[in-house]
Each structure stands twice: as structure tokens, then as C-alpha cells.
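Undergrad:
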Amino acid sequence: MKCKEVRRILPVLVAGELDDARAERLARHLAGCPDCSAARSGLEADRALLHELAAPEPGPWLAARVMAEVRAGAARASRRPAWVRATVTAAVTLFVAGGVWAGAAVGADLADQEAGYDPLAVNGEPALTEYVEVSLGGGR
Amino acid sequence: MMGAIAGFGARSFSRAGRERVVTERPEADAELALARSAMDGDLAAFEELVRRHQRGLFGYLYRMCGNPADAEEMAQQAFVKAWGGLRGFRGDSSFKTWLYRIATNLCINRATRRKPTCELPETLPAPESSEPAESYARERRIAAVREALDRLPADQRAALVLVEYQDLSYRDAAAALGRSVRAVDSLLFRARQNLRRLLGPAREKGIV
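Taken in sequence, the protein lines are chains A and C.
Per this note's numbering, the first sequence starts with residue 1, numbered consecutively.
Per this note's numbering, the second sequence starts with residue 141, numbered consecutively.
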């Protein structure tokens with residue numbers, strides 16, 4: 001494996017998103033490459049640093065304030081004439097559904113893309129499988 | 141809808157990813173049931189969803205905007221929007237992912253001007269003689285990380301926070317961001333590169 005490909009895929013490995021076969025090939029490269037091994041250590045160190053940044057707890061009344069607002073909205077809605085309720089419901093549904101539709105369109109793209117997604121096949125770089133097949137003469 | 145949920149998370153690549161799916165699926169199914177009840181007007185079911193997600197959602201928004209008051213306000217807004225938009229929740233993603241999508245849109249649309257919650261490491265006062273050195277060093281590290289995270293572009297920061305702190309898979313982070321998995325991978329790669337670069341000065345000073 002070329003170091004350039006390894007560096008590109010290291011974040012995927014560190015995030016635990018790399019398939020076992022590639023993770024194993026990557027591990028073999030890292031065992032024999034001090035520079036890439038150091039890069040991986042650097043990534044892991046950065047992750048450890050990130051996790052020092054703890055978030056405070058939310059205030060104790062967040063859930064209560066949410067439910068108060070939700071209940072107030074539900075009470076207001078129940079006092080509206082039926083035709084107004086239907087219109088508002090339709091409008092809110094359309095608004096959120098518009099966002100969800102866009103998300104669903106992305107979701108369809110996600111499914112399509114995930115079927116053939118290769119973390120190394122980005123920005124015009126060769127896919128790992130292609131590289132490995134070429135460099136190892138078709139072996140894995 | 142249950143068919144969609146049965147397929148949820150079925151495609152994963154790594155051992156860690158498969159472990160994540162095994163632990164997440166029963167939770168996702170239970171939350172789907174709660175969401176469906178809430179869709180029918182069950183306030184108690186929605187309140188349960190709020191209680192389950194308030195900590196994580198607040199943490200996400202806090203790391204995005206850097207300000208606890210703003211984070212709490214946006215978390216409240218996100219939950220209220222989720223209640224109002226439940227009819228649009230189809231179960232194609234988990235409730236959590238859908239909720240984080242709402243929160244991400246809020247966060248980015250709001251373009252919150254981030255208020256630093258701590259001083260830059262260089263301006264921290266020298267420790268009093270009684271203050272443990274380790275505690276002071278840790279505060280400086282955290283301040284450096286806070287500053288570096290703050291300076292990432294919003295989309296890179298969102299991808300990093302979702303994957304690194306909220307433990308979302310690439311796929312769920314993509315759904316929460318409204319981007320493709322490939323785009324999330326690219327965002328994360330650049331975020332980590334930028335983070336390393338932004339922490340360079342603090343590293344040279346021995347702060348991190």
C-alpha cells in the first residue's frame with residue numbers, strides 16, 4: 001500500500017468504519033511503516049485531546065420547558081377551528097416533509113453511494129481495491 | 141416502516157460498526173415505537189424521547205456553538221420542532237438521527253456567533269501557588285481544543301462532533317447533515333487535518 005492511500009484512510013480506521021479486510025491490510029502496512037504509524041498515533045492523540053472537551057450537563061429544567069412549550073402549542077391548536085387545524089397541520093407537514101424529502105433524496109443517494117462507496121475512491125484517487133489488485137498482482 | 145427499521149444499520153463494514161448496530165437496533169426499535177405514539181398525540185411518549193436525548197443533543201449543540209445558554213435554547217427549539225414535525229418522520233432513519241438533522245439545520249441556519257467560554261491559553265493567568273499544576277495544564281489544553289474546534293468550518297465541525305462525540309456512524313452522520321457518506325468522509329478528513337494544523341501552535345508551546 002502506498003503511504004498516501006494509507007494516510008487518506010487512517011481517519012476511517014480510527015473511526016471504526018473500515019471493513020475488517022482493509023483494516024487488516026492497513027495494519028500490515030502500519031507494522032512496517034514508522035511514518036504512517038506515527039501518523040496514526042497522531043490521530044489517536046488528537047482524538048484523546050478532543051475527548052478532554054467535556055460538555056456540561058443541560059439545565060435541570062430543559063425537558064420541563066420543552067414539554068411546557070409543546071403542551072401550550074397543543075392546547076392552542078385544540079382551540080382552533082377544525083379547518084385551521086387541518087391547514088396548519090398540512091403546512092407543518094409539508095415544511096418538515098420538504099426537509100425529509102430532501103433528506104430521503106439524499107438517503108437514496110446514500111444507499112446508492114454506500115453500495116459502491118470506497119473511502120479511497122474520493123477526489124479522483126484510485127480505490128483501495130483497485131490499487132491492491134494492481135500492486136499485489138490481483139492477490140488480497 | 142418496520143421493514144425499513146429491520147434494514148436499519150444492516151449494512152456496516154467494520155467490527156466496531158457491527159457492534160454499534162447490535163447495540164443500537166433494539167434502542168432504535170423502542171424509540172420508533174415511542175415516536176409513533178407521539179405522532180398520535182401521546183405527550184408522555186414524546187417526553188420520554190426528550191428525556192432520552194436531551195443530554196446528547198445539548199452536548200452536540202454545545203460543542204457546535206460553544207455557549208451553554210445558546211445550546212440549551214437551540215435544544216429546546218429542536219425538540220419543539222421535532223414535536224411539530226413528527227408527521228414528517230417516516231422511520232427511514234432513527235429518531236435520534238432525524239432529531240439531530242433538525243438540530244443541525246437550526247444550528248447552521250442560526251449562524252450563532254460563538255462566544256468563547258474560556259480564554260485563550262496565552263491569556264490564562266499564571267496559577268496561584270496553591271493551584272495544582274496538572275489542573276492548570278488541563279485547562280489550557282481544553283481551551284486550546286475549544287479554540288481549534290471553534291475555528292473549524294461549521295460543516296467540518298458538525299461532522300467531527302457527530303462522529304467523535306455523539307458516536308454516530310458515517311451513515312447516520314450523513315443523514316443528520318443531509319450529505320452523502322462520501323461527503324462526510326471528506327469533511328472528516330479535512331476536519332482532522334485542520335485540527336492538527338490549528339493545534340500546531342499549542343503543540344509547539346507544550347500546551348497540548
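We treat Cβ as the ideally placed atom computed from N, Cα and C, and that holds for glycine.
Since the model is a prediction, treat every value here as computed from it, not as a measurement.
(1) At what residues does the alpha helix (DSSP H) containing TRP238/C begin and finish?
(2) Shorter than 7 Å from the beta carbon of GLU52/A to some beta carbon of chain C?
(3) Are the Cβ atoms of ARG105/C and GLN296/C separated by less than 7 Å?
(4) State the start and end residues of the unbroken alpha helix (DSSP H) segment that holds TYR202/C.
(5) Measure the CB-CB distance between GLU212/C and PRO56/A and report whether it falls below 7 Å.
(6) Could you tell me whether any Cβ in chain C is nearer than 7 Å to the Cβ of ALA127/A?
(7) Would ALA171/C pass as a contact of PHE235/C if the rule is Cβ separation under 7 Å?
(8) Figure out for me which residue from TRP223/C, GLU274/C, TYR202/C and ALA185/C has the closest Cα to the Cα of ALA72/A.
(9) Can you list the residues of chain C that ARG65/A reaches, using a CB-CB cut of under 7 Å?
(10) Quick check on TRP61/A: does DSSP put it in helix, strand or coil?
(11) Would you say PHE235/C lies against chain A (beta-carbon separation less than 7 Å)?
(12) Skipping 5 residues on each side, what residues in its chain have a beta carbon closer than 6 Å to that of ALA74/A?
(13) Hey, out of ALA298/C, LEU174/C and MET179/C, whose CA is closest to GLY199/C's CA?
(14) With DSSP as the reference, label SER78/A as helix, strand or coil.
(15) Among the residues of its own chain, which have a CB less than 6 Å from the CB of SER177/C, if the five just before and after it don't count?
(16) Indicate whether LEU43/A and VAL14/A have their beta-carbon atoms separated by less than 7 Å.
(17) Return the residues of the stretch 56 to 84 of chain A that lie within a Cβ-Cβ distance of less than 8 Å from chain C, sorted by chain order.
(18) If you follow the alpha helix (DSSP H) that SER37/A is part of, which residue opens it and which one closes it?
(19) Closest to ILE9/A by C-alpha separation, out of PRO34/A, ALA39/A, GLY32/A and ALA31/A, would be which residue?
(20) Do ALA316/C and ARG241/C have their beta-carbon atoms positioned less than 7 Å apart in this structure?
(21) Please report the residue range of the alpha helix (DSSP H) in which VAL303/C lies.
(22) Taking Cβ positions only, does GLU279/C come closer than 7 Å to chain A?
(23) So for SER275/C, helix, strand or coil by DSSP?
(24) How many angstroms separate the CA atom of LEU246/C from the CA atom of LEU239/C?
(25) Just to check my reading of the structure: ALA294/C and ILE248/C have Cβ atoms closer than 8 Å, yes? What is that Cβ distance to the nearest angstrom?
(26) Taking 7 Å as the threshold (C-beta atoms), are ALA283/C and PHE338/C in contact?
(27) Should LEU308/C be flagged as near chain A, meaning a C-beta pair shorter than 7 Å?
(28) Tell me the DSSP secondary structure of ASP210/C in three-state form.
(29) State yes or no: is the C-beta of ALA215/C within less than 7 Å of the C-beta of LEU226/C?
(30) Along the alpha helix (DSSP H) that carries VAL12/A, what are the first and last residues, could you check?
(31) Check whether the Cβ of GLN296/C lies closer than 7 Å to any Cβ atom in chain A.
(32) Please identify the residue among GLU17/A, LEU30/A and ALA54/A whose C-alpha is closest to the C-alpha of MET204/C.
(33) Mind checking the stretch 323 to 336 of chain C against chain A and listing, in chain order, the residues whose C-beta falls within less than 7 Å of any C-beta there?
(34) When DSSP labels each residue in this structure, what does GLY340/C get in the three-state scheme?
(35) Please check if any C-beta of chain A sits within less than 7 Å of the C-beta of GLU212/C.
(36) List, in chain order, every chain C residue whose beta-carbon is nearer than 8 Å to that of ASP46/A.
TA: Looking at the atomic coordinates:
(1) TRP238/C -> alpha helix (DSSP H) spans 235 to 250.
(2) Under the Cβ criterion of 7 Å, GLU52/A is counted among the residues facing chain C.
(3) The requested residue 105/C is not part of the displayed model; chain C covers only 141 to 348.
(4) Residue range 183 to 205 is occupied by the alpha helix (DSSP H) that includes TYR202/C.
(5) No. Outside cutoff.
(6) Unreliable positioning characterises ALA127/A in this predicted model, as indicated by a pLDDT of 38, which lies under 50. The coordinate reading is nonetheless provided below. Not closer than 7 Å to any Cβ of chain C, the Cβ of ALA127/A fails to qualify, so no.
(7) Strictly speaking, residue 171/C in this sequence is Glu, with Ala absent from that position. Yes, these two residues count as a Cβ contact at 7 Å.
(8) The candidate whose alpha carbon is nearest that of ALA72/A is TRP223/C.
(9) Those are GLN216, listed as they occur along chain C.
(10) It is coil, neither helix nor strand.
(11) At least 7 Å separates the CB of PHE235/C from every CB of chain A.
(12) Excluding residues within five positions, none has a Cβ falling inside 6 Å.
(13) Selection ALA298/C, LEU174/C and MET179/C evaluated against GLY199/C yields ALA298/C as nearest (Cα-Cα).
(14) Looking at SER78/A - three-state DSSP - the assignment turns out to be helix.
(15) ALA185, listed in sequence order.
(16) Judged by their CB atoms, LEU43/A and VAL14/A are nearer to each other than the 7 Å cut-off.
(17) Cβ proximity to chain C below 8 Å picks out PRO56, GLU57, PRO58, GLY59, LEU62, ALA63, ARG65, VAL66, MET67, GLU69, VAL70, ARG71, GLY73 and ALA74 from the stretch 56 to 84 of chain A.
(18) 34 to 50 is the extent of the alpha helix (DSSP H) around SER37/A.
(19) Relative to the Cα of ILE9/A, the nearest Cα in the group PRO34/A, ALA39/A, GLY32/A and ALA31/A belongs to ALA39/A.
(20) The beta carbons of ARG241/C and ALA316/C sit closer together than 7 Å.
(21) Going by DSSP, VAL303/C is part of the alpha helix (DSSP H) stretching over 294 to 304.
(22) With its beta carbon at least 7 Å from every one in chain A, GLU279/C lies outside the interface.
(23) Three-state DSSP puts SER275/C in a helix.
(24) Near 11 Å, if we compare the C-alpha coordinates of LEU239/C and LEU246/C.
(25) About 6 Å; that satisfies the 8 Å criterion.
(26) Looking at the sequence itself, residue 338/C is Leu, so the reference to Phe does not match. Taking 7 Å as the Cβ cut-off, LEU338/C and ALA283/C do not qualify as a contacting pair.
(27) The beta carbon of LEU308/C does not come within 7 Å of any beta carbon belonging to chain A, so the residue lies off that interface.
(28) Secondary structure at ASP210/C: helix, using DSSP grouped into helix, strand and coil.
(29) With respect to LEU226/C, ALA215/C sits apart: the two C-beta atoms are not nearer than 7 Å.
(30) That run of the alpha helix (DSSP H) goes 3 to 14.
(31) Not one chain A Cβ lies under 7 Å of GLN296/C.
(32) Distance from the Cα of MET204/C is smallest, within the candidate group GLU17/A, LEU30/A and ALA54/A, for ALA54/A.
(33) For the stretch 323 to 336 of chain C, which is checked against every Cβ of chain A, the residues closer than 7 Å are ASP325, SER326, LEU328, PHE329, ARG332, LEU335 and ARG336.
(34) GLY340/C falls in the helix class under three-state DSSP.
(35) True, the Cβ-Cβ gap to chain A drops below 7 Å.
(36) Per Cβ cutoff of 8 Å: ARG332, LEU335, ARG336 and LEU339.
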